[in-house]
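There are 2 protein chains.
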Amino acid sequence: MVLATAAEQKARNSAAIGKAVTELTAAFGNRVVTSQAVREQHGNTVTWIANQPPDAVVYPQNTEEVQQIVRICAANGVAVIPFGVGTSLEGHVNAPIGGVSIDFRDMIRIIAVHAEDLDCVIEPGITRKALNEQLRDSGLFFPIDPGADASLGGMAATRCSGTNAVRYGTMKDNVIALKVVLSNGEVIDTARRAKKTSAGYDLTRLMVGSEGTLGVITQLTLKLSGIPEAISGGICPFPSVEACCNTAIHTIQSGIPVARIELLDSLQVRACNLHSNLGLPETPMLFLEFHGTEASVAEQSKRFGEIAAEFGGGPFTWTTRPEERTRLWEARHHAALSNFALRPGATMVATDVCVPISRLAQCVTETQRDIETSRILAPIVGHVGDGNFHLTLLVDMDDRDELKRAEALSERLVERALAMDGTCTGEHGVGQGKMKYLVAEHGRAALDVMASIKRALDPHNIMNPGKIVALS
Amino acid sequence: MVLATAAEQKARNSAAIGKAVTELTAAFGNRVVTSQAVREQHGNTVTWIANQPPDAVVYPQNTEEVQQIVRICAANGVAVIPFGVGTSLEGHVNAPIGGVSIDFRDMIRIIAVHAEDLDCVIEPGITRKALNEQLRDSGLFFPIDPGADASLGGMAATRCSGTNAVRYGTMKDNVIALKVVLSNGEVIDTARRAKKTSAGYDLTRLMVGSEGTLGVITQLTLKLSGIPEAISGGICPFPSVEACCNTAIHTIQSGIPVARIELLDSLQVRACNLHSNLGLPETPMLFLEFHGTEASVAEQSKRFGEIAAEFGGGPFTWTTRPEERTRLWEARHHAALSNFALRPGATMVATDVCVPISRLAQCVTETQRDIETSRILAPIVGHVGDGNFHLTLLVDMDDRDELKRAEALSERLVERALAMDGTCTGEHGVGQGKMKYLVAEHGRAALDVMASIKRALDPHNIMNPGKIVALS
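Sequence lines, in order, name chains A and B.
Numbering (the numbering used here) for the first sequence: 1 to 472.
Numbering (the numbering used here) for the second sequence: 1001 to 1472.
Below, the structure is given as structure tokens:
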């Protein structure tokens, strides 16, 4: 099989795209949009990765229409890029060789809620907040919380996780089955609704995290959790980042089923103070949340406070009252936004790595030293129960020297994580931004396996090409 | 690419096997065994699937030796079949076209225990009991319990689960990374030791459950759990199987983190009484286990007892004392063995399905009626928190009419589960026995995806051929 290179494909595309758009317009009328503004909105609009807009945007209403779009694109050798709400951070929605963006704006229905089975069946365009809003009366919720109000299709495609993955797992643990349109326009269901199965290759987990490169997700069956009877939330200052990390390790080890355990370094706390006038002590802090019965969250909170004290942390201030919890957690909730206050006008670049939790303190403190010597403003937040943390680089993109230092810092962060048996991306996915690290992380042979799977499922390289594995 | 059919491959193998065995013997000396007895022990020795022995058995001592074996076999076009301890139930270790069995008897080391990270790195031949024996002093354990003392490599390969999957998940949830020798003799690590990652296709989950058809597992990194502070165990009789299932549903829904919730139908209870003289009431029963602190297991047990009473169950007898727990659970622990007492001399055929839990009561009761009209002796045990249950068919293999009725019963069980959005195999894997149901379960397009992955990773079809997907 001879695969087209990216360059060949781009040339072919520029000839073919007109034909594809004509065919799409005949089928979908004004649900095909080619205006510059809309196209640019569908390329990457976050971080420092350049915007590469698609040639057209189509808004399907059901799986059959997605099949039709993929078939038209496949017949013309035109790339297909799924689009949720565009919050992915590594250039996942960019169209480096052009192509058609499939926007799931109109596919936001909840198809079924099976309360007895603790699952629901939904369309990919619905966002997590909208889903939880509609689920509320059932007493159930979908726990994964990446911060942004992302679409569920995008969350599955990037194997996202977030603040409460420490208790509820990542998308890989919370997707039961997917409906996927393949590169040939055929549609598959990756699994049935049974809670477990050993019936062949795990196509569900193969599709979760494949970022649209193996198929387009058009329906998801998700595992739901019961809304906890009681929730306690609190904050705890520490003398050092090490003390935070060691407290996190011991909390996990002692079996406390913490729902969220978030680190903010002192710079991040300062940003939050600047943004919301909170008057918090500008020292590393942990933000905690516990789920359970009234008795159990009280017990968990008490035990956590004792562990924190052993590492010099405290006082641990906590409450089960919703409005007080929200107030205590305000700094964490506004952490991302608050960074604008640290350096108005700067470009924010979020990057993340994940290491075995035993290496976390060392990884964070070495990174802090590196930030300092790099002369970059970069607060840290971490989902420390998982060994996962984020740097938000605040960069003046017009300062070439600063940009260079920021890029080098970001590269060293990945090298540091890999040297500690960690990963170059804990939850943001690969997209375009992290492709260059995959050989170092996985080795050539494993990356070849990924490429061979890509070729097997997408022989003409039309499914979100130029992401995860580059075929050439 | 032209793939050899099974028949062509068998003919080629019979010519090539001599050469491969000569080369293997040159490399491994008396660690290559070709005696009839040993070969037969390495084919399927359980259930009604015929024994198809390999041509030779090799006992490697490390990953490099497995690479060497695979390279010799690949060069000669000879099949490779990984072997743990041979407890798989669907003919996974059979050699339908001959080939070389790789027995992991000598690869049973624990390479590392990372207590802070709650993980360990092990070789595939170690069994779960041996692993937990060696882990005990660390305060950690590996929770997956399929009943049999299976090897961890085999447990990962078949995506097994068992009695406490309801709390701890299946092998897919408890394997962090695998070292795998591919069909070309290259070795890959599927992931690093970080607790989560979104760095490309999930090769770990692709290999878990692939039954040796995509590669040979030579090392596993496993997630460990803390040994619970307290464990309570108990038993509860019910007026009907429906009452058991409804109690299970409500227990799960109300958020009680039950560690085990096992159904025995009245026939299974009778078998246990016969075997161990227990004097239990011969009515459907649930066997429970709760993990947590002293206070929390007491609370969980109390809440369960209340739910059981609502459905007419009880009294719920429970205890936290180890020796009393063992006594209460004796019937469940000996369920498999006790079936011999029900019909001495019969062949035992274990089969399992899994359905959404809301359909479980209906699926089990319809199956019981079918068992009755089929005139087959077949007690039922179920991991009912997951919607998963097992039939143990006790069959006189010399009675052709009975055998036919048993086979038809077993087929209808799968059809019934599939009609309820369930799976043909909840935890036993596909092997040879369940291959015929995969089109009905997954659809042709999804099965084609599995076949294309198989072709991509094993173009010459030497990795445990004739299992999961048949290439022809």
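We put the CB at the ideal spot given by N, CA and C, even for glycine.
Cβ-based burial, residue i [other Cβ within 10 Å; buried from 16]
i: Pro1053 (chain B); result: buried
i: Arg159 (chain A); result: buried
i: Arg327 (chain A); result: exposed
i: Glu415 (chain A); result: exposed
i: Met107 (chain A); result: buried
i: Lys436 (chain A); result: exposed
i: Gln219 (chain A); result: buried
i: Val1166 (chain B); result: buried
i: Met285 (chain A); result: buried
i: Ile1097 (chain B); result: buried
i: Gly1345 (chain B); result: exposed
i: Gly1029 (chain B); result: exposed
Cβ of residue i within 7 Å of any chain A Cβ
i: Thr1170 (chain B); result: yes
i: Ala1445 (chain B); result: yes
i: Glu1330 (chain B); result: no
i: Gly1147 (chain B); result: no
i: Val1258 (chain B); result: no
i: Leu1263 (chain B); result: no
i: Ala1027 (chain B); result: no
i: Leu1438 (chain B); result: yes
i: Arg1416 (chain B); result: no
i: Val1002 (chain B); result: Confidence at Val1002 (chain B) is low in this model, with a pLDDT of 47, below 50, so its placement is unreliable and the value that follows should be read with caution. Not closer than 7 Å to any Cβ of chain A, the Cβ of Val1002 (chain B) fails to qualify, so no.
i: Asp1421 (chain B); result: yes
i: Thr1221 (chain B); result: no
i: Glu1040 (chain B); result: no
i: Ser1358 (chain B); result: yes
i: Ser1210 (chain B); result: yes
i: Gly1226 (chain B); result: yes
i: Gly1429 (chain B); result: yes
Proximity test, Cβ basis, 7 Å: residue i and chain B
i: Ser452 (chain A); result: yes
i: Val355 (chain A); result: yes
i: Arg205 (chain A); result: yes
i: Thr425 (chain A); result: yes
Residue i in three-state terms, based on DSSP
i: Gly1226 (chain B); result: strand
i: Asp1370 (chain B); result: helix
i: Ala1026 (chain B); result: helix
i: Ile141 (chain A); result: According to the sequence displayed, residue 141 (chain A) carries Phe and not Ile. Reduced to three states, the DSSP call for Phe141 (chain A) is strand.
i: Met285 (chain A); result: strand
i: Ala199 (chain A); result: coil
i: Cys244 (chain A); result: helix
Straight-line gap, residue i to residue j (C-alpha atoms, nearest Å)
i: Met1001 (chain B); j: Arg400 (chain A); result: Unreliable placement is indicated for Met1001 (chain B), whose pLDDT of 40 sits below 50; the coordinate value is still reported in the next sentence. For Met1001 (chain B) and Arg400 (chain A), the distance between alpha carbons rounds to 50 Å.
i: His1275 (chain B); j: Val1384 (chain B); result: 24 Å
i: Ile462 (chain A); j: Glu1242 (chain B); result: 50 Å
i: Gly1279 (chain B); j: Asn1273 (chain B); result: 6 Å
i: Gly1422 (chain B); j: Ser198 (chain A); result: 11 Å
i: Glu186 (chain A); j: Thr1170 (chain B); result: 30 Å
i: Glu1233 (chain B); j: Glu1324 (chain B); result: The question names Glu, but residue 1233 (chain B) in the sequence shown is Gly. Rounded to whole angstroms, Gly1233 (chain B) to Glu1324 (chain B) spans 9 Å at the Cα level.
i: Thr1365 (chain B); j: Arg1412 (chain B); result: 13 Å
i: Thr337 (chain A); j: Gln268 (chain A); result: The sequence given here has Leu at residue 337 (chain A), not Thr. When rounded, the distance between both Cα atoms is 11 Å.
i: Val175 (chain A); j: Val1175 (chain B); result: 17 Å
i: Thr213 (chain A); j: Lys172 (chain A); result: 17 Å
i: Gln225 (chain A); j: Ile1252 (chain B); result: The residue asked about is misnamed: residue 225 (chain A) is Ser in this sequence, not Gln. So the alpha carbons of these two residues sit roughly 10 Å apart.
i: Gly433 (chain A); j: Leu409 (chain A); result: 14 Å
i: Leu222 (chain A); j: Arg109 (chain A); result: 13 Å
i: Val216 (chain A); j: Ala1309 (chain B); result: 47 Å
Residue i CB to nearest heavy atom of the ligand NAP below 6 Å
i: Lys1454 (chain B); result: Among the components modelled here there is no ligand, and therefore nothing to report on the ligand NAP.
Residues within the segment 232-256 of chain A neighbouring chain B, beta-carbon criterion of under 8 Å: Ile249, Ile252, Gln253, Ser254, Gly255
For the segment 1184-1201 of chain B, which residues have a CB atom closer than 8 Å to at least one CB atom of chain A, in sequence order? Glu1186, Val1187, Ile1188, Asp1189, Thr1190, Ala1191, Arg1192, Arg1193, Ala1194, Lys1195, Lys1196, Thr1197, Ser1198, Ala1199, Gly1200, Tyr1201
When Cβ atoms are compared, which residues of the segment 366-400 of chain A fall closer than 8 Å to chain B? Asp386, Gly387, Asn388
Taking a Cβ distance cut-off of 9 Å, strictly less, list which residues of the segment 59-71 of chain A are near chain B, in chain order. none
Against chain A, which members of the segment 1139-1167 of chain B pass a CB distance test of less than 8 Å? Thr1158, Arg1159, Cys1160, Ser1161, Ala1165
With 8 Å as the C-beta to C-beta threshold (strictly closer), list the residues of the segment 300-329 of chain A near chain B in chain order. none
Got a sec: which bits of the segment 456-470 of chain A sit with their beta carbon under 8 Å from any beta carbon on chain B, in order along the chain? Ala456, Leu457, Ile468, Val469
Residues of the segment 1107-1120 of chain B whose Cβ lies closer than 9 Å to any Cβ of chain A, in chain order: His1114, Ala1115, Glu1116, Asp1117, Leu1118, Asp1119
What residues in the segment 85-102 of chain A have a beta carbon less than 8 Å from any beta carbon of chain B? none
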